[in-house]
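Peer 1:
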Amino acid sequence: MEYINFPKLNIRLSRFGMGCMRFPRIKDSSGKSIIDKPESIRMVHYAVENGVNYFDTAYFYSGSEEILGEALNASLRKKVFIATKSPVRIVKKPEDFDTYLIESLKKLKTEYIDFYLLHGLGSNSWEKVKKFKLLDKMDIAKKEGKIKYIGFSFHDNLELFKEIIDSYSWDMSQIQLNFIGEYYQAGLEGLKYAASKSIGVVIMEPLFGGILGENVQPDIIEKWDSSGIKRTPAEWAFKWIANFKESNVILSGVSNLEQLKEDIEIFNNAFPNSMTEKEKQTIDKVKKLYERMLKVKCTGCSYCMPCPSGVNIPGVFTFYNRAFLGNSESSKLGYKSWFCISKEDASQCNECGQCEKACPQNINIMNNLKIAHEYLTS
Numbered sequence: 000m001e002y003i004n005f006p007k008l009n010i011r012l013s014r015f016g017m018g019c020m021r022f023p024r025i026k027d028s029s030g031k032s033i034i035d036k037p038e039s040i041r042m043v044h045y046a047v048e049n050g051v052n053y054f055d056t057a058y059f060y061s062g063s064e065e066i067l068g069e070a071l072n073a074s075l076r077k078k079v080f081i082a083t084k085s086p087v088r089i090v091k092k093p094e095d096f097d098t099y100l101i102e103s104l105k106k107l108k109t110e111y112i113d114f115y116l117l118h119g120l121g122s123n124s125w126e127k128v129k130k131f132k133l134l135d136k137m138d139i140a141k142k143e144g145k146i147k148y149i150g151f152s153f154h155d156n157l158e159l160f161k162e163i164i165d166s167y168s169w170d171m172s173q174i175q176l177n178f179i180g181e182y183y184q185a186g187l188e189g190l191k192y193a194a195s196k197s198i199g200v201v202i203m204e205p206l207f208g209g210i211l212g213e214n215v216q217p218d219i220i221e222k223w224d225s226s227g228i229k230r231t232p233a234e235w236a237f238k239w240i241a242n243f244k245e246s247n248v249i250l251s252g253v254s255n256l257e258q259l260k261e262d263i264e265i266f267n268n269a270f271p272n273s274m275t276e277k278e279k280q281t282i283d284k285v286k287k288l289y290e291r292m293l294k295v296k297c298t299g300c301s302y303c304m305p306c307p308s309g310v311n312i313p314g315v316f317t318f319y320n321r322a323f324l325g326n327s328e329s330s331k332l333g334y335k336s337w338f339c340i341s342k343e344d345a346s347q348c349n350e351c352g353q354c355e356k357a358c359p360q361n362i363n364i365m366n367n368l369k370i371a372h373e374y375l376t377s
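Counting from 0, one number per residue, gives the positions in the sequence shown under numbering that gives the first Met the number 0.
(1) Between Ala371, Lys335, Leu368, Gly16, which lies nearest to Gln173 when the distance is taken from Cα to Cα?
(2) With DSSP as the reference, identify every bridge partner of Val200, one or two as the case may be.
(3) Could you check what DSSP says for Met17 in three-state terms: helix, strand or coil?
(4) With DSSP as the reference, label Thr83 as helix, strand or coil.
(5) Let me know if Cys348 comes out buried or exposed under the rule of 16 or more other beta-carbons within 10 Å of its beta-carbon.
(6) Quick check on Ser330: buried or exposed, where buried means 16 or more other Cβ atoms within 10 Å of its Cβ?
(7) With a CB to CB cut of under 7 Å and the five nearest residues on each side skipped, what residues in its chain are close to Lys78?
(8) Report the three-state DSSP secondary structure of Arg230 (helix, strand or coil).
(9) Tell me where the beta strand (DSSP E) around Arg379 begins and ends.
(10) When the Cα of Ile210 is compared with those of Ser195, Phe160, Thr83, Glu234, which residue comes out closest?
(11) Could you give the residue range of the beta strand (DSSP E) that holds Asn4?
(12) Could you tell me the distance, in whole angstroms, from the CA atom of His118 to the CA atom of Lys136?
(13) Please name the residue or residues paired with Leu120 in a DSSP beta bridge.
(14) Can you tell me the Cα-Cα spacing of Met292 and Ala371, whole angstroms?
(15) Determine the DSSP secondary structure at Leu12, reduced to helix, strand or coil.
(16) Please report how far the alpha carbon of Val200 lies from the alpha carbon of Leu157, in whole angstroms.
(17) Just the C-alpha distance for Ser29 and Ile340, rounded to the nearest angstrom, thanks.
(18) Taking the alpha helix (DSSP H) that Lys287 belongs to, which residues open and close that run?
(19) Hey, would you say Tyr431 sits closer than 9 Å to Arg88, going by beta carbons?
(20) If the criterion is Cβ atoms closer than 9 Å, does the pair Ser26 and Ala57 meet it?
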């Protein structure tokens, strides 16, 4: 495992960080989907045993903090760095910050949080941060020893990202970046801007919600293979991110042990400035294919959930996008036989707009749900 000296902080972090939003799930006796606790704990232990020392979770990742807290007993806790996030979106008054921080500490069974992030900052939430003086709250929590390092995760445009970076002496930042989103949100320019200010950057969504690594259609596989280099699509995507020295830690939200093993193996051989011009050209060709195929830029983060009308919004867009990535008939069949029967389909939408207010990607969800439903039921 490659380790990096995180800017300003004098700590060494594994280049690969385990994202805990997509822990494996099973159905309980009532048919409800729940986190598979034994398997998730086994995965955390495997990650630690194989050199991973950065674990990312959040208040909003239902059940994730509790699992991580149970997995990291006293001896393991000293070996790792935990990042979790303050749910700015539901903060209604300054005191809520303290309430949610204490909840996270209890769930994680720890006396301190290494990296505490203001979650999913965008134009609205940034105004709330300023209105409620949440950065002052962060400073107090740091002085009290409840948190060690102060950061933020981000979902908005480059201009706002630079404004936020320049507004405070941050310890770190977290942005979304992948090879089909080079100019999306903060993008590559934002990555390099933060680095120029000596602010460490953690990368999320390197596989764009899994789309770049799973169920990849033959046309894209053929384009990868034309390079003459034997790699999985996920490995190509990770190596593109790892090639930038400014991407200090790269997260992957693994949902089973095999994915975790594959990711760790990839990051044992993924280094900055290691890609050849031929490899970069191959990625550019694949990028153009994806740009033509994707219909909705949804990463499956589930910030829009739960939907008051029961629509499985990320699931609808997953079926819709995959339909245009070479899985049209199976996507239609899956949508109709799964979501339409269970009343989780897009036709249940009553256009309340709650999802669009929560979406970090600023997707026109309601209109896209209509279009997706019409296509998937055709």
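C-beta: ideal position from N, C-alpha, C; glycine also.
Peer 2: According to the structure data:
(1) Gly16
(2) Ser172, Ser246
(3) strand
(4) strand
(5) buried
(6) buried
(7) Val47, Asn52
(8) coil
(9) Outside the modelled stretch of the chain, which goes from 0 to 377, sits residue 379, for which no answer is possible.
(10) Glu234
(11) 2-5
(12) 14 Å
(13) Phe153
(14) 14 Å
(15) strand
(16) 15 Å
(17) 18 Å
(18) 276-292
(19) Nothing about residue 431 can be reported from this structure: the residues present for the chain run from 0 to 377 only.
(20) First, the amino acid is wrong: residue 26 is Lys here, not Ser. Cβ distance not < 9 Å, so Lys26 and Ala57 don't count as in contact.
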